[in-house]
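Please read the structure below before turning to the comments.
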Amino acid sequence: YGGLSRDMNAQQHVEQIGAKLVQAANGIARKAGSKNPFEFDFHLLADPKTVNAFALPGGQVFITAGLYDKLETEGQLVGVLGHEVGHVLMRHGAQRLAQQRLTQGLVGAAGVAGGSRESAQMAAAIGQMVNMSYGREDELESDKWGVELTAATGYDPRAMIGLMDVLEAASGGQAPPEMMSTHPKPANRRAYIEKVIASVFPDGLPPDLKE
């Protein structure tokens, strides 16, 4: 994905939104009598063409410039990153890696300098992790987290509905953007997000939410 973006203003923007999401996640965890065990980091990747966002087990969250530049509101950025935070909190990536019997390679490669067989295993595992397909249940769980975290950070979760429009437009009527290639269709996700918002906020959304 072209490595880290050199646009420091955009990178700082991603980090600032990420910090708000982590604070919101910590608050939700405290209310549930638990603690967020992850130390998140948020990164903007330089690739201007690929429309994608993903998270690795442990809390490394990435968004490409190709997606970042298409977002129309800050709330949509919150929704994208909140969805990926949800994957981490629910340990979806770790579960998938375990299912694919790649965890051993990841653990064995931890702390090993580049060039070794273990490092190659690490790279292969991460590559597969980035491109793998989550199950529908995983995606819906993360969409629900996206809704809750977006509202908890003070943004209107309906921004996630607008995000589906952005992703659909990015496809140009052709193959879906990479972020959508393993996800339910945008139209289906819009309907689900609307149901989640109605379920989480049966008395209506909090006032004065930002877009």
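Going from the sequence shown to this note's numbering is simple: count from 1 and add 11.
Even for Gly, the Cβ is constructed at its ideal location relative to N, Cα and C.
Report yes if the CB atom of residue i is closer than 7 Å to the CB atom of residue j, and no otherwise.
| i | j | result |
| --- | --- | --- |
| G238 | M175 | Outside the shown range of the chain, which is 12 to 222, sits residue 238, and nothing can be said about it. |
| S153 | G97 | yes |
| A57 | G14 | yes |
| A76 | P59 | yes |
| V99 | A181 | no |
| V207 | K155 | yes |
| G163 | A43 | It is worth fixing the name first, because residue 163 is Ala in this sequence and not Gly. No, Cβ-Cβ distance for A163 and A43 is not below 7 Å. |
| Q22 | L55 | yes |
| Y166 | L78 | no |
| K87 | G173 | Reading off the sequence shown, one finds Gln at residue 87, where the question assumed Lys. In this structure, G173 lies closer than 7 Å to Q87 by Cβ. |
| G70 | T161 | no |
Quick check on residue i: does DSSP put it in helix, strand or coil?
| i | result |
| --- | --- |
| L178 | helix |
| Y12 | coil |
| D52 | strand |
| A64 | strand |
| K221 | strand |
| V123 | Its pLDDT being 49, under 50, V123 is placed unreliably in this model, and the value from its coordinates should be taken loosely. In the structure shown, V123 sits in coil (DSSP, three-state: anything other than H, G, I, E or B). |
| T193 | Unreliable placement is indicated for T193, whose pLDDT of 48 sits below 50; the coordinate value is still reported in the next sentence. Three-state result, T193: coil. |
| Y203 | helix |
Give the range of the beta strand (DSSP E) segment to which residue i is assigned.
| i | result |
| --- | --- |
| V72 | Q71 to T75 |
Can you tell me where the alpha helix (DSSP H) with residue i in it begins and where it stops?
| i | result |
| --- | --- |
| K31 | M19 to K42 |
| E83 | That residue, E83, is in no alpha helix (DSSP H); it is neither H nor E in DSSP. |
I believe residue i touches residue j by the beta-carbon criterion, under 8 Å. Please report the beta-carbon distance rounded to the nearest angstrom.
| i | j | result |
| --- | --- | --- |
| F51 | V25 | No, F51 and V25 are not in contact; Cβ-Cβ is about 11 Å, not under 8 Å. |
| V177 | E85 | Contact flag wrong, Cβ pair sits at about 13 Å. |
| I74 | E159 | Wrong, their Cβ atoms sit about 20 Å apart, outside the cutoff. |
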